[in-house]
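Residue numbers (the numbering used here): 265 to 422. The beta-carbon is built from N, C-alpha and C at its ideal position, and this holds for glycine as well. Have a look at the structure below before the remarks.
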Amino acid sequence: MGPQDANLTGSVHGGVVMKLCDEAASLAAIRHARERVVTAACDRMTFLVPVFIGELVTLSARVNAVWHSSMEVGVRVEAENPLTGERRHTNTAYLTIVAVDEHGRPIAVPPLVIGDEEGSRREREAQIRRSNRLAERERIKSEQDAVQSPLDTQPAKD
Ligand SMILES: CC(C)(COP(=O)(O)OP(=O)(O)OC[C@H]1O[C@@H](n2cnc3c(N)ncnc32)[C@H](O)[C@@H]1OP(=O)(O)O)[C@@H](O)C(=O)NCCC(=O)NCCS
265 MGPQDANLTG SVHGGVVMKL CDEAASLAAI RHARERVVTA ACDRMTFLVP VFIGELVTLS
325 ARVNAVWHSS MEVGVRVEAE NPLTGERRHT NTAYLTIVAV DEHGRPIAVP PLVIGDEEGS
385 RREREAQIRR SNRLAERERI KSEQDAVQSP LDTQPAKD
């Protein structure tokens, strides 16, 4: 990470790390689907400890779960001080990436082949995050439907 990535205190901007996570997640999704992809959502982005100027940042991205056209990709970010070799886990991100055709329309992606307990655990946790996200969306929608706008109660004017 260079000075252009950081603020005046020498910490790398969160947005810079988010962009790297987006790129890593998209590449992992492309390698799984072998299709073009778009980012639908950044479901979670955790900043555990800062990344500093001069550190080497490594991102590991993995497809955790696949639905129809969407995939959850988890990204782990580590920063290493190249002088000392000290390495820290700095960020975790979960993004929803959707495979699309040349017109930007969602298309089906191949199922995920999971071969170990670690993979099964990641998929279960991704299902929980998706269920929570969909439940939250439904709950907010019904709250919004329940609150009738004052404009809706006015009689129509010619
Ligand atoms: C993501 C996008 C393709 C979805 O298109 P859409 O017409 O809404 O399609 P659908 O409603 O059929 O949803 C397609 C899939 O995306 C998922 N999806 C759509 N919006 C989502 C959101 N906000 N969060 C998570 N998943 C989402 C759906 O759950 C569905 O998944 P599934 O096929 O696995 O069941 C479209 O909204 C889009 O192009 N967004 C802009 C993407 C972009 O510009 N990203 C930044 C640059 S890469």
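Residue(s) in a DSSP beta bridge with residue i
i: I317; result: Note: I317 sits in no beta bridge, so no partner.
i: L263; result: No answer is possible for residue 263: it lies beyond the span of the chain, which begins at 265 and ends at 422.
Cβ-heavy atom distance, residue i to ligand 1, below 7 Å
i: P370; result: yes
i: V362; result: yes
i: T354; result: no
i: H332; result: yes
i: T348; result: no
i: V302; result: yes
i: A305; result: yes
Cβ separation of residue i and residue j, assumed to be a contact under 8 Å, to the nearest whole Å
i: C285; j: A357; result: 4 Å
i: T360; j: D307; result: 6 Å
i: E387; j: A305; result: Not really, about 18 Å apart at Cβ, beyond 8 Å.
i: V315; j: V276; result: 4 Å
i: M265; j: E350; result: That pair is no contact at about 15 Å.
Inset, instruction - Would you check if the region 331-348 and the region 285-299 touch, i.e. whether three or more CB-CB distances between them fall below 8 Å? - result: The region 285-299 vs the region 331-348: in contact.
Inset, instruction - Please confirm if the region 326-333 is in contact with the region 359-374, defined as three or more CB-CB distances below 8 Å between the two stretches. - result: In short, these stretches touch, since the Cβ pair count reaches three.
Inset, instruction - Please determine if the region 342-351 and the region 300-312 are in contact, where contact requires at least 3 C-beta pairs separated by less than 8 Å. - result: Two segments are said to touch when three or more pairs of C-beta atoms, one from each, lie closer than 8 Å; by this definition the region 342-351 does not touch the region 300-312.
Inset, instruction - Give, in chain order, every unbroken run of the alpha helix (DSSP H) that is at least 4 residues long and sits entirely within the region 270-342. - result: The region 270-342 contains these whole alpha helix (DSSP H) runs: 278-297.
Legend entry - Unbroken stretches of the alpha helix (DSSP H), 4 residues or longer, contained in the region 348-389: List check, alpha helix (DSSP H) in window: nothing returned.
Legend entry - the region 316-328 in contact with the region 272-288 per 3-pair CB rule at 8 Å: Verdict: yes, contact present.
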